[in-house]
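Okay, so here's the structure we're looking at.
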Amino acid sequence: MKPLKLEFKGLNSFSERATIDFAPLLKSGIFGIFGETGSGKTTILDAINFALYGDIERNPDKIDKINYNCDALEVSFSFDISSGGERRTYLVERTIKRKSGTHSAKLFEYKDGNSVAIADNVKSVNDKITEIIGINKEDFRKCIALPQGEFAQFVNSVPAERIELIERLFNLQKYGKALKAKLALRENEADSKLSLLEGGLSAFEEDTQEALEELETRHKALSDGRDQLDRRAKQAAEDYAAKKALAEQKKLYKAAAEKLAELEGKKPYFDRLIKKLPALSVCETVCASAETLQAVGSKLRTRREDCTRMSESAQKLRANLADIQKKISDGNFESELDNLLSRYNIMNGMMPLCEKFASDDAELKKCRVSYADMRSKLSECSAKCEKLRTSVGEKEKVLSAMPQLDIDDYFKNEFRGGILKDEYAKSLGYIKDLQAEVRTYADDTPLYDYIDRELTRKAKEYCDLILTVKDAKINVNEELANFRKKLEERKSREDEVNGLRTELGKYELQVKNFSERVTELRERGEKLSEEHKMLGTRLKEVFGKKTDYKRAVADARAAYNSKQNEKKRLDGELDRVRTAEAENAKNLAAAEAECKALEERLNAAKSEMEARLKDAGMSEVEECRALIGEYGDYKSALENSNRFTAEYASAKSEYARLGSIVGISDISDDAVSAALTLKTESEKELENCLREIAVTADRAKNLKERLNKKSELKKQYETARRERDLIGKLKSLLRDNKFMEYIANEHLVNISRAASKILIELTDGRYYLAYEDNNFCVGDNYNGGSLRKVKTLSGGETFLVSLSLALALSSTICNRSLKSIEFFFLDEGFGTLDGDLIDTVLGALEKLKNENFSIGLISHVEELKHRISSKITVNKATESHGSTISISC
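Mapping the sequence shown onto our numbering, position 59 (from 1) lands on 736, and the numbers just tick up by one.
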């Protein structure tokens, strides 16, 4: 991973926004972060940590991170990383609000020059960052920010301290104290589990195989007796069912006898009905014919009345038609409509001229008002111009009478002598003071004599000049004041004249503009007045004395529309009357034809009714209606007769069938009750037997299950006991952290091998590193590969060994993520190095850097700052502002 750009604000001592572009810094391979102690150098690492993982190791409290002058902490960090053979660029942004404590985060990926959001909350950003970089926040701090001083201590520390550091860096606590704690916890859990299983087994002490066999024997005996009880219960149930059925049939027999007696009482009525059925059928037809005859007669009377009414209506319609035709003939509508339409079209065609006449009239009035206004303004401006010309003439006469003043001439004439004499006196005094000062350094050298002669000559020269200048005893200040007063007075007069001339020029320009405008308005008014007069004459020819032209056009249109509507109304009335007359004639013919048909139908109905009465053997319709009133309509009477006949035959048959059943007369309620009692007792004995069988079967089943559980618990108990014994053996083997120390030493051997490769490269093949007998040793290839302890090394050599170990440790931690290290920071550790050792440090770092690997040094050492060209300088916060940074490359 390579950093590209970092921006942050409100973090620790930084109250203003700080921006770091890493691209130019990383070009040189090595850059530095310098500043005084407490200036905020390490805050840059804190900002990167917070941007990536949302946390700061030095200050885990979120709100305490925020600068007291800021309302929020804001960090933006862009970086790129190699993934799948290509470089990918990401931008992460985080914000924490002081007031609410809300933490927001967003992660973007740059694709084809555009940013695409791939995570938009704190959890998803944290997970995605770990996925992209491949290491968590703890490993990132160990790989990227290397506390160099700590690794120097690591080289020279005793084995126990070294093991403790390896344990912390590689999280080996799980193989030491944490593992022992886990075993102790597992041992306690195993003891608890064993005690629990022992308690569980004690609950099954009374559950034995003998008790199970006893229950099974009892269950078999009950099952054998169940069959006999089942047969007895079935026999009793069948006997009870037979007696109960016989008793029910006896009840039906009594009901059948009552029903037959009831039907015997109705039989005479239905015998008479059967005899009257033929006549009843004919009577229905006779009554229907009588109703038809009455309806046809009523309808015939109604239609005859309609014929009379329609004949009278025909006469009225003919009279109305003649009246409408006369009105249309007398109205002369066609010629009047033509005249009205022609008048409307002429007036309507004149409307544009009417509008122009009105607009010309308004414009003419406006022109007259403007003309009068311009005349007034012209008169007023002309008077002002005349007044200003008079005033300018008077002022110019006064100005021309005043003398011309020139300050150069004035000085030459009045002040030349006095000013020069004063200046010569000042110069003479300066030369004499200078000569006195020089003589204080009395010397016999030629230079001293030359300077003294020159100063004497200059002093004599200025004395002669003073004597030659005319003495002018004048009051310079008073003369200057008089000159200034005269000059100001003339300037005031000139300004006044110039101001009046400027004002006069303005008014003369206005007079010219007003004159042109008056001429223009007069010409415009004359032209408008002529056009207005001509239009008025034309409009008067069409509209007469009317001046409301729109109203006149509307009246003409209304007159035309009124006449046209009247014509349409009469035409419509004529059509309506003609249609009504034709419809009335049509209806009258239809009514007359219908009357004739009804008369024929009435005669036929009378003949048919008389024939039907004769067939029924009756003389009057009322006799038929009386028969229907007694028995109802023929269809209902026939259905009632058939239903009674069938019901009577069924009742008689049912009574005979039930009376033939054997024993029906001997059955009683007491016999049925006795059979029910025997059935109930037999079923109860069977139910008790079945219940006891079920209870014994369930108890046997439960006992089997408990015996199985008891057997399973015994197996679990044996397994738990073996597990507890195994934990005890493991606990004894892990005593005194031996296992963790073994793993830590393996890590140290691997790290020393990796560090040895780096050390060989840094020292051009001279030194290599080995880890033997729990101590680091350095081999010297220039001295036959002999080993010596690192405590015997010089300061520069110790630094190289420490740096090699730091890089090896960082690489080992980072390799677990399968990601390469492309940059890291060395934080402090250079304060005790002298100039030669600093050369050694920089030389070693120069060998490490390349285009894919950059190094950042964090230090407050001034000499180191001057030797590194690419650097970030952190300036300490003051009362007026927070920490600031400056970058130089």
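Glycine is no exception: its CB is placed at the ideal position from the N, C-alpha and C atoms.
Practice item. Ignore the nearest five residues each way along the sequence and tell me which others in GLU961's own chain have a CB closer than 7 Å to its CB. Key: Same-chain partners within the cutoff: ILE1305, ASP1310, TYR1311.
Check your understanding: Which runs of the alpha helix (DSSP H) fall wholly inside the region 781–812 and span at least 4 residues, in chain order?
Key -> Secondary structure within the region 781–812: the alpha helix (DSSP H) runs of 4 or more consecutive residues, fully enclosed, are 799–810 (chain order).
Exercise for review: Work out the CA separation of PHE708 and PRO680 for me, nearest whole Å.
Suggested key: Straight through space, the alpha carbons of PHE708 and PRO680 are spaced by roughly 13 Å.
Point to revise | LEU1480 and LEU1522 closer than 9 Å at C-beta | key: One thing to note: LEU1480 has its Cβ within 9 Å of the Cβ of LEU1522.
Check your understanding: When burial is assigned at 16 or more other CB atoms within 10 Å of the CB, is ALA1323 buried or exposed?
Key -> Its Cβ having fewer than 16 others within 10 Å, ALA1323 is exposed.
Check your understanding: Nearest CA to the CA of TYR1237: which residue from ALA1274, SER1012, ALA1397?
Key -> Among ALA1274, SER1012, ALA1397, the Cα nearest to that of TYR1237 is on SER1012.
Exercise for review: Give a yes or no on whether 9 Å exceeds the smallest Cβ distance from GLU1389 to chain B.
Suggested key: Absence of chain B from the displayed structure is noted, only one protein chain being present.
Point to revise | Cβ-based neighbour list, SER1059, same chain, cut-off 7 Å, excluding 5 preceding and 5 following | key: Correct list, in chain order: VAL1188.
Point to revise | Residue span of the beta strand (DSSP E) that contains ASN1422, given as start and end | key: That residue, ASN1422, is in no beta strand (DSSP E); its alpha helix (DSSP H) goes 1415–1439.
Practice item. Report all residues from its chain with a CB closer than 8 Å to the CB of LEU1065; omit the five preceding and five following residues, and keep chain order. Key: For LEU1065, where only same-chain residues beyond five positions count, the Cβ hits under 8 Å are LEU1177, GLU1180, LEU1181, TYR1184.
Check your understanding: Are the beta-carbon atoms belonging to SER1563 and ILE1549 less than 9 Å from one another?
Key -> Going by C-beta atoms, SER1563 is nearer than 9 Å to ILE1549.
Practice item. Please classify THR1440: is it buried, with 16 or more other beta-carbons within 10 angstroms of its beta-carbon, or exposed? Key: Buried, because 16 or more other Cβ atoms sit within 10 Å of the Cβ of THR1440.
Review point. What is the residue span of the alpha helix (DSSP H) that ASN1452 lies within?
Key: Per DSSP, ASN1452 lies in no alpha helix (DSSP H); the unbroken beta strand (DSSP E) holding it starts and ends at 1452–1457.
**Study point:** Segments assigned alpha helix (DSSP H), at least 4 residues, entirely inside the region 823–892
**Key:** For secondary structure counted as the alpha helix (DSSP H) over 4 or more consecutive residues, the region 823–892 holds these complete runs in sequence order: 825–833, 836–846, 854–879.
**Study point:** ILE1023 - containing alpha helix (DSSP H), residue span
**Key:** Note, ILE1023: alpha helix (DSSP H), 1010–1026.
Review point. Between the C-alpha atoms of ILE809 and LEU1503, what's the straight-line distance to the nearest angstrom?
Key: Each residue's Cα considered, the two are about 24 Å apart.
Practice item. State yes or no: is the C-beta of SER966 nearer than 8 Å to some heavy atom of the ligand MG? Key: Judged by which ligands are present, the structure shown has none, so any question about the ligand MG falls away.
Point to revise | CA nearest to the CA of ASP1402, picked from LYS774, LEU729, GLU815, ALA867 | key: Out of LYS774, LEU729, GLU815, ALA867, the CA that lies nearest to the CA of ASP1402 is found in ALA867.
Exercise for review: Please list, in chain order, all residues of the same chain as GLU893 whose beta carbon is under 7 Å from its beta carbon, the five residues on each side excluded.
Suggested key: Around GLU893: ALA1377.
**Study point:** Stretch pair the region 1133–1146 + the region 1103–1113: three plus CB contacts closer than 8 Å
**Key:** They touch, by the three-pair rule.
Check your understanding: Short check: CB of LYS928 to CB of ALA1352, under 9 Å?
Key -> Their beta carbons are not under 9 Å apart, which means LYS928 does not touch ALA1352 by this criterion.
Check your understanding: Span of the alpha helix (DSSP H) holding ALA1323?
Key -> 1311–1336 is the span of the alpha helix (DSSP H), which, as asked, contains ALA1323.
Check your understanding: Taking LYS814 as the reference, which of TYR767, ASN726, VAL793 has the closest Cα?
Key -> If we check each option's Cα against that of LYS814, ASN726 comes out closest.
Review point. Taking the C-alpha atoms as reference points, what is the distance between GLU1207 and SER1047?
Key: Distance between the alpha carbons of GLU1207 and SER1047: 18 Å.
Practice item. Using a threshold of 9 Å, state whether the C-beta atoms of LYS1408 and LEU750 are closer than that. Key: Going by C-beta atoms, LYS1408 is not nearer than 9 Å to LEU750.
Point to revise | Cβ distance (whole Å) where LEU1030 is taken to contact LEU1216 below 8 Å | key: Indeed, because the Cβ distance is near 7 Å, the residues count as touching under 8 Å.
Exercise for review: Compare the beta carbon distance of ASN833 and LYS1406 with 9 Å and say whether it is the shorter of the two.
Suggested key: No, these two residues do not count as a Cβ contact at 9 Å.
Check your understanding: Ends of the beta strand (DSSP E) at GLY778?
Key -> Per DSSP, GLY778 is not a residue of any beta strand (DSSP E), being assigned neither H nor E.
Exercise for review: Give a yes or no on whether the C-beta atoms belonging to ILE721 and VAL1538 are separated by under 9 Å.
Suggested key: No.
Point to revise | Where SER1487 falls: helix, strand or coil (DSSP) | key: In the three-state reduction of the DSSP assignment, SER1487 falls in the helix class.
Check your understanding: Taking the beta strand (DSSP E) that GLU1499 falls in, what are its first and last residues?
Key -> Segment: none, GLU1499 is in no beta strand (DSSP E) and carries neither H nor E.
Point to revise | Extent of the continuous alpha helix (DSSP H) run through LEU688 | key: From DSSP, LEU688 is part of no alpha helix (DSSP H); its letter is neither H nor E.
Check your understanding: Within this structure, are the beta carbons of TYR917 and VAL1339 separated by less than 9 Å?
Key -> No.
Review point. When DSSP labels each residue in this structure, what does LEU1534 get in the three-state scheme?
Key: DSSP places LEU1534 in the strand class (E or B) of the three-state scheme.
Exercise for review: Drop a sphere of 10 angstroms on the beta-carbon of LYS1210, count the other beta-carbons inside from all chains shown, and report buried for 16 or more, exposed for fewer.
Suggested key: The residue is exposed, with fewer than 16 neighbouring Cβ atoms inside 10 Å.
Review point. Per DSSP, what kind of secondary structure is GLU1297 in: helix, strand or coil?
Key: Looking at GLU1297 - three-state DSSP - the assignment turns out to be coil, as it is neither helix nor strand.
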